[in-house]
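Quick note, the numbering used here runs 156 ahead of the 1-based positions in the sequence shown. Where a beta carbon is used, it is the ideal one built from N, C-alpha and C, also for glycine. Nothing here was measured: the structure is a model prediction, and the numbers come from that model. Since the structure comes first, as C-alpha cells, the remarks are kept for the end.
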Amino acid sequence: MLFAGIDWSDQALDFELRAAEGRVLAEGTVRTTFAGLADLFQALEAHAPPAEIAIAIEAAQGAWVQSLLDRGYVIYPLNPKTVVRFRQTLTAAGNKSDKLDRRVIAMLLATLHAQLKPLRPDAPEIVALRLACQDRVRLVTERTAKTNELLATLKAYYPAMIGFFGGLDRKIALQFLQEFPTQGAMLALSPRRLQGWLKRHGYTAPQRVADMQAALGQPVLRVADHLQKAKAPRITYLATSLLALAAEIAECERQITAQFDQLPEADWYRSLPGAGATLAPALLACLGRDAERFASPEEARALMGTAPVTQQSGRSRNVFFRRGCWKFARRTLQLFAEQSRHFCAWAQEFYEKQKRTGHSHHQAVRALAHKWLKILLAMKRTGTCYDERKFIHSQHRYLLNLQKLSAVSAAV
C-alpha cells in the first residue's frame, strides 16, 4: 500500500505520495478542476493502481472527493485538530505551509493507517435524505433567527403589532406586515377596511375581528414617523423572507417524506415512540444503512455527542461535555429522547432517575439519548421494529443476571 496526503483549498490540491518505509514517490500541486484531477491521477497511478493507494484528506466534502472515490482510491478523512497536533510533534518551530501540511498528512496516514477508518459512503438514497434533513435544520434555524429579529424590531418601532394576530408565525400576520410595514399605516386603518382586508386574505378566526377592530382605537406607545419610515424596508424584508422560508421548509419536508417513504427502513424507524414525520427520517439519516459503519456503540456515541469526554490520570478523573461531535446527530438524538419521554414509560422513568441523581434537564435528556442510541444500533443490526415488551423483558433478564453474578461473587 502507498500513502498520499492531500492538503486542499478552493483553488489547488497539494499532494505527496510516499511508500510505507518513508520514501517520497511523487509530490506537487494541481488545480481543483477536471484537468487538474487528471494530472493528479496520472502522477499517483504511475506508481500503483488506485486500489493500492490510500489518500488522507482533512475534510471529506467537495466534488473532487467524489471523483477520488469513483476512481477507486481508499480515502481516510482526518480531523484537522489531529493533523495540527501531529505537525506539532514534527516541528517545534510552529511553521506551517501547504507543502508541510501535505507531508504531515501523508506521514500521519502511513504511521497510523491501521488505527484509522476509511471513508465508507452510505447508499445514495440515504445520503440524499441526510442532506435534505440537514438543510431543513438550517432553514428552521434561519427562520428562528429572522423571527426573533422581526419581533425585536416590532417591539422597538411597531409596538401596536405585538399580539395583534397572536403570533408572528402566522402567514396572515406576515402578509399584513408586507402591506402595512409601519405603525402609522396600521393605525390609519378603519375597522371596516381592516375587516375587508382580513376577509380577502381568508382570516380563519372571525371571532377575533371585533377585538382587533377595537385595538385600532386603543392608545399605543408613540414612535416617531422618521423612525417608522427608516425601519419599514427592514420589516418588509423580514416578513417576505419568513414567508419564503415557510414555503421552502414545507417543500423540504414534503421531499423528505417522499424520500423516506421509499426506503425499506421507514417502518421500523416509525415504530419508535415519539419519532414522528420529522424525527424518524432524521434518525435514519444519522445512523445510515451501513451495518459496519460503527465498530462499537461507544464509537457511535462519541461521534454523535451523547457520550461525555472522560479524562483520567492517576487519581484525577474529570468528565466534560463533548463539544467535538456531529452536531446534527446530537440534536436529533436529544430531540428524539425528549419526545420519547411522552410515549414511553421506561424512558420517562429513566429521565426522572437521572434528575433525582442531580442531573440537569439537558444532562438527563442526553443520558436518555445515550441509552436510546445503543437500542437503535441493535435494531439496525437485527432489522426489527421497536417492541417495548421485548426491551423491558431483556432489561429484566439483564438485572436478574446481575443479581446472580453478585450472589456468586458474594459466595466466593
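| query | Looking at C-alpha atoms only, which residue of E335, L419, F242 and G184 is the closest neighbour of E281? | reply | The count along the sequence shown starts at 1 and reaches residue 281 at position 125. Among E335, L419, F242 and G184, the Cα nearest to that of E281 is on L419.
| request: Specify, as a first and last residue, the run of the alpha helix (DSSP H) that S223 falls within. | output: For this step, residue 223 is matched to residue 67 along the sequence shown. Start and end: A219 to R227.
| query | Taking the C-alpha atoms as reference points, what is the distance between A422 and A534? | reply | The residue labelled residue 422 in the question sits at position 266 within the sequence shown. The residue labelled residue 534 in the question sits at position 378 within the sequence shown. Taking the straight line joining both Cα atoms gives about 16 Å.
| field | Simplified DSSP state of R471, which is helix, strand or coil | value | Taking the first residue of the sequence shown as position 1, residue 471 is located at position 315. It is coil, neither helix nor strand.
| Local Cβ density within 10 Å of I211, reported as buried at 16 or more and exposed below that | Working through the sequence shown from its first residue, we reach residue 211 at position 55. That one is buried.
| task | Could you check how far apart the C-beta atoms of I391 and T309 are, in whole angstroms? I think they sit under 8 Å. | result | For the purposes of this step, residue 391 is identified with residue 235 of the sequence shown, where counting begins at 1. For the purposes of this step, residue 309 is identified with residue 153 of the sequence shown, where counting begins at 1. Their Cβ separation, rounded to whole angstroms, is 6 Å, which keeps I391 and T309 in contact under 8 Å.
| What whole-angstrom Cβ distance do V180 and R187 have, given they're in contact under 8 Å? | In the sequence shown, the residue the question calls residue 180 occupies position 24. In the sequence shown, the residue the question calls residue 187 occupies position 31. About 22 Å; that fails the 8 Å criterion.
| query | Which partner residues of P233 appear in the DSSP bridge assignment? | reply | Looking up residue 233 in the sequence shown gives position 77. Bridge partners of P233: I213.
| request: Using the DSSP secondary-structure output, state which residues sit across from G184 in a beta bridge. | output: For the purposes of this step, residue 184 is taken as residue 28 along the sequence shown, with counting starting at 1. Beta-bridge pairing links G184 to F171.
| Are H269 and F171 closer than 8 Å when you measure CB to CB? | By one-based count along the sequence shown, residue 269 stands at place 113. By one-based count along the sequence shown, residue 171 stands at place 15. Result no, Cβ atoms of H269 and F171 do not sit closer than 8 Å.
| By the 10 Å Cβ neighbour count, where 16 or more other Cβ atoms means buried, how is Q374 classified, buried or exposed? | Within the sequence shown, the letter at position 218 stands for residue 374. That one is exposed.
| message | If you reduce the DSSP assignment to three classes, tell me which class I328 lands in. | response | Taking the first residue of the sequence shown as position 1, residue 328 is located at position 172. Helix.
| message | Among the candidates F242, M157 and R243, whose CA atom is the shortest distance from the CA of E201? | response | To locate residue 201, count along the sequence shown from 1; it is residue 45. It is M157 whose Cα lies nearest to the Cα of E201.
| In angstroms, rounded to a whole number, what distance separates the CA positions of W502 and D278? | As a position in the sequence shown, residue 502 is number 346, starting the count at 1. As a position in the sequence shown, residue 278 is number 122, starting the count at 1. C-alpha separation (whole angstroms): 32 Å.
| message | Does E177 pass the burial test, meaning 16 or more other C-beta atoms within 10 Å, or should it be called exposed? | response | Along the sequence shown, read from residue 1 onward, the residue named residue 177 stands at position 21. With fewer than 16 Cβ atoms within 10 Å of its Cβ, E177 is classed as exposed.
| request: Would you mind working out which of A341, D446 and D254 sits nearest D163, comparing C-alpha positions? | output: Here residue 163 is taken as the residue at index 7 of the sequence shown, counted from 1. The shortest Cα separation from D163 among A341, D446 and D254 belongs to D254.
| Range of the contiguous alpha helix (DSSP H) that encloses A463 | Here residue 463 corresponds to residue number 307 of the sequence shown, with the count starting at 1. That residue, A463, is in no alpha helix (DSSP H); it is neither H nor E in DSSP.
| Is the beta carbon of Q510 sitting closer than 8 Å to the one on A525? | Within the sequence shown, numbered from 1, the residue matching residue 510 stands at position 354. Within the sequence shown, numbered from 1, the residue matching residue 525 stands at position 369. Cβ distance not < 8 Å, so Q510 and A525 don't count as in contact.
| field | Other residues of its chain near R243: CB distance less than 6 Å, five sequence neighbours each side excluded | value | Translated into the one-based positions of the sequence shown, residue 243 becomes position 87. Taken in chain order, the residues that qualify are V260.
| task | Check each candidate in V239, K273 and T238 and name the one with the smallest Cα separation from V230. | result | The residue given as residue 230 occupies position 74 in the sequence shown. The shortest Cα separation from V230 among V239, K273 and T238 belongs to K273.
| request: With DSSP as the reference, please indicate the residues paired to W164 in a beta bridge. | output: Walking along the sequence shown from the start, residue 164 turns up at place 8. DSSP, once it has assigned bridges, lists L169 as partnering W164.
| message | Assuming W353 is part of the alpha helix (DSSP H), what are its boundary residues? | response | Counting from 1 along the sequence shown, the entry for residue 353 is found at position 197. Taken as a continuous stretch (DSSP letters only), the alpha helix (DSSP H) holding W353 covers P347 to R356.
| C-alpha distance - P347 paired with L372, whole-angstrom precision | The residue labelled residue 347 in the question sits at position 191 within the sequence shown. The residue labelled residue 372 in the question sits at position 216 within the sequence shown. Using only the alpha carbons, I get a separation of about 8 Å.
| task | Have a look at A402, A438 and L401 and flag the residue whose alpha-carbon is nearest the alpha-carbon of D417. | result | As a working mapping, residue 417 is identified with position 261 in the sequence shown. Ranking the options by Cα distance to D417, first place goes to A438.
| If you pair each beta-carbon of the region 400 to 412 with each one of the region 349 to 358, do three or more pairs fall below 8 Å? | no
| query | What are the start and end residues of the alpha helix (DSSP H) that includes H382? | reply | By 1-based counting over the sequence shown, the position of residue 382 is 226. Where H382 is concerned, the enclosing alpha helix (DSSP H) stretches over D381 to D417.
| request: With DSSP collapsed to three states, give me the class of L158. | output: Walking along the sequence shown from the start, residue 158 turns up at place 2. Residue state, collapsed to three classes: strand.
| field | L532, buried or exposed, once every other Cβ within 10 Å from all chains shown has been counted against 16 | value | On the sequence shown, position 376 is the one that residue 532 refers to. It counts as buried.
| request: Quick one: give me the first and last residue of the alpha helix (DSSP H) that Q490 is part of. | output: By 1-based counting over the sequence shown, the position of residue 490 is 334. K483 to S496 is the extent of the alpha helix (DSSP H) around Q490.
| In terms of residues, what are the limits of the alpha helix (DSSP H) holding E505? | Your numbering for residue 505 matches position 349 in the sequence shown. A501 to R512 is the span of the alpha helix (DSSP H), which, as asked, contains E505.
| query | Buried or exposed: which applies to S469, given that a residue is buried once 16 or more other Cβ atoms fall within 10 Å of its Cβ? | reply | In the sequence shown, counting from the first residue as 1, residue 469 sits at position 313. So S469 ends up on the exposed side.
| Y425 and V379: beta carbons closer than 8 Å? | One-based indexing of the sequence shown puts residue 425 at position 269. One-based indexing of the sequence shown puts residue 379 at position 223. Contact flag unset, no.
| query | What residues in its chain sit with their C-beta under 7 Å from that of C289, if we drop five residues either side in the sequence? | reply | Within the sequence shown, the letter at position 133 stands for residue 289. Once the five neighbours on either side are set aside, the close Cβ partners of C289 are I412, P437, A438 and A441.
| Between A215 and Y232, what straight-line distance do the alpha-carbon atoms span, to the nearest angstrom? | In the sequence shown, residue 215 corresponds to position 59, counting from 1. In the sequence shown, residue 232 corresponds to position 76, counting from 1. In a straight line, the C-alpha of A215 is about 9 Å away from that of Y232.
| Should L287 and W220 be called a contact, given that it needs their Cβ atoms to be closer than 8 Å? | Looking up residue 287 in the sequence shown gives position 131. Looking up residue 220 in the sequence shown gives position 64. Not closer than 8 Å, so no.
| task | Helix, strand or coil for F190, going by three-state DSSP, please let me know. | result | Translated into positions along the sequence shown, residue 190 becomes position 34. In the structure shown, F190 sits in a helix (DSSP, three-state: H, G or I).
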